[in-house]
Amino acid sequence: MTIEVLTKRADFLLANKGLRNARPGFVLLTRPNQGKGKRFGITVTKKVGNAVVRNRMKRRFRELLRDALPAEGLADHDHVLVGRAGGITRDYHRMRKELTHALEAAAEGKGERPRKPMKPRQ
RNA sequence: CCAGGGGGCCGGGCAGCCGCGUCCCUCUACAAGCUCGGCAAGAGCUGGUUGAGGGCCGAGGAAAGUCCGGGCUCCACGAAACAAGGGUGGCGGGUAACGCCCGCCCGGUGAAGGGCCAGGGGAAACCCGAACUCCGAAGCCGAGGGAAAGUGCCACAGAGAGUAUACCGCCGAUGGCCCCUAAAGGGCACAGGCAAGGGUGAAAGGGUGCGGCAAGAGCGCACCGGGGUUCUGGUAACAGCGCCCGCAUGGCAAACCCCACCCGGAGCAAGACCGCAUAGGGGUCUCGCGCUGAAAGGCAGGAGCGUUUCGCUCCGAGAGACCCGGGUUGGUCGCUUGAGCUACGGAGCAAUCCGUAGCCUAGAUGAAUGGCUGCCACCGCCGAUACGGUCCACUUGUGGGAUACCGUCGGAGGUACAGAACCCGGCUUACAGGCCCCCUGGCACU
56 MTIEVLTKRA DFLLANKGLR NARPGFVLLT RPNQGKGKRF GITVTKKVGN AVVRNRMKRR
116 FRELLRDALP AEGLADHDHV LVGRAGGITR DYHRMRKELT HALEAAAEGK GERPRKPMKP
176 RQ
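So in our numbering, the last spot in the first sequence is 177, and the numbers never skip.
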């Protein structure tokens, strides 16, 4: 089974209404998507850094998700990782374990309630 | 060796595991089209899609800032002139072009050093030589056209700031007054003369010296500066020699302005096509509805093209304003062969250009070009060490001592700035660190 990538802005806005699980390097958003399979997306805002920083963070997150989702991902859910300050400097393997725990918490229905949708950027 | 400078190049490497993007190839599956077939079975070909495997290539010197200049695309465009606005500004060259680059000119700055010189040493020859000042290379800096075309401004301070001025001061020859008088002389600072010195200032209407004078002053002279000009050299900017002028017109043009030259506008969200959507949309208000014709259309008229002339376009029975609704956040093309890169040869001081041969070197779009691990490399820091060198001593191959230096060993760290988004030529800014080359002056040696 292939894992699709989210590309539409509307999908990200919907995911923002799902469960939030924050970790030092990232925030994991999960939300059921009515049987469209496992999908993922990555959000790194300009607040985090310049283009080099943002691209590097996206590559690391993509690597984390590629490793984690097939086994640990939630079926028929959208997964969105939001970049935070420590996303680059934090040890990769440590973040990998943190992602596992975040996914487990999401599968059990734990996590914060959704925040209010942010104002559209750009 | 000392001193002062300039430029170019690179900007981590290797290995393992896993992964991404374009393109190509093989196989598999699916349906389609075409051809061949007895129009049967079937075979072959073409492009597409799904999946698997393999191969090639895959960020920068600034990809950045978006400050200039182009290509390309669309819009406007009949032409020229003029106006407006913007830009550039020593001269020559290079270039597709530039506000860029190269060479040169001018002004300023510029180390060691040199000239002049007070003075010192010396019997002399000669030597040393302060301050001021002058000459000093490469390099660096210069919005570097015009201030005798015009207008304007020059704050504060100051007496006076561009028709110069007279506060302190100097003088008071001449005239006046006073003293003493035979005469000479002396005094006062009244008339008046002066602008040297002081003071103010960013700037005081050439500077230094000598003469001159009552005191002064280009008043006269010498040198320096400045202006004009003949000639010579140079493509030119300009430079040099000579002659003349006693000096007559300070700064600001990044204040207006004048002169010369250049310039249509918008940008790949350009633009083209496909799909979707709208169904040639709806509502309200205002103004208008001339002639001809069956109609299409034509004419009058109106509007626009910066202006003018001729000319062109549109409307011509509808037009305008406002509100509501729809589309532009799908796809394909544009999209990478280009002022291209490399090598060799040639022209040129150089920027750069010419010739020949070879090469094809990212095309993503929630945006590929990577993630993790190990080893190495480089850098400074901390610590250890007398094993090698530097250092000291002498018995000249031994001893001593310190960790300041180069090595050696160990440790904890760091490895920058930064990510193509249509493409080029520049500029500017950011940058851990490494490598290389060159210029100029001086000293020493050969």
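The beta carbon of each residue, even a glycine, is placed where N, CA and C say it ideally should be.
These numbers were taken from a predicted model, which means no experiment stands behind them.
Once DSSP output is grouped into helix, strand and coil, what is the label at residue i?
i: T54; result: With the chain covering 56 to 177 only, the question about residue 54 has no answer from this structure.
i: D73; result: A small fix is needed here, since residue 73 is Gly in this sequence, not Asp. Note: G73 maps to coil in three-state DSSP.
i: K174; result: Its pLDDT being 33, under 50, K174 is placed unreliably in this model, and the value from its coordinates should be taken loosely. Reduced to three states, the DSSP call for K174 is coil.
i: D133; result: strand
i: V99; result: coil
i: M56; result: Note that M56 scores a pLDDT of 40, beneath 50, so its modelled location is shaky; the value from the coordinates is reported in the next line. Coil.
i: G80; result: coil
i: G141; result: helix
i: D66; result: helix
Nearest CA to the CA of residue i: which residue from the options?
i: R139; options: T98, R94, E159 and L124; result: T98
i: G142; options: R78, D66 and F95; result: R78
i: L158; options: L124, Y147 and K72; result: L124
i: V137; options: L129, E127, L119 and H148; result: L119
i: R94; options: D131, R109 and R151; result: D131
i: A70; options: R86, T144, R115 and H156; result: R86
i: K63; options: G96, F81, G80 and R149; result: G96
i: M112; options: Q89, G80 and N88; result: G80
i: F116; options: R149, Q89 and N88; result: R149
Count the other CB atoms, across all protein chains shown, that sit within 10 Å of the CB of residue i; report buried if there are 16 or more and exposed otherwise.
i: D146; result: exposed
i: D66; result: buried
i: D133; result: buried
i: N110; result: exposed
Verify whether the separation of the beta carbon atoms of residue i and residue j is less than 8 Å.
i: L84; j: G73; result: yes
i: R129; j: A162; result: Per the sequence presented here, residue 129 reads as Leu, with Arg not at that position. Yes, these two residues count as a Cβ contact at 8 Å.
i: R75; j: D122; result: no
i: T155; j: E127; result: yes
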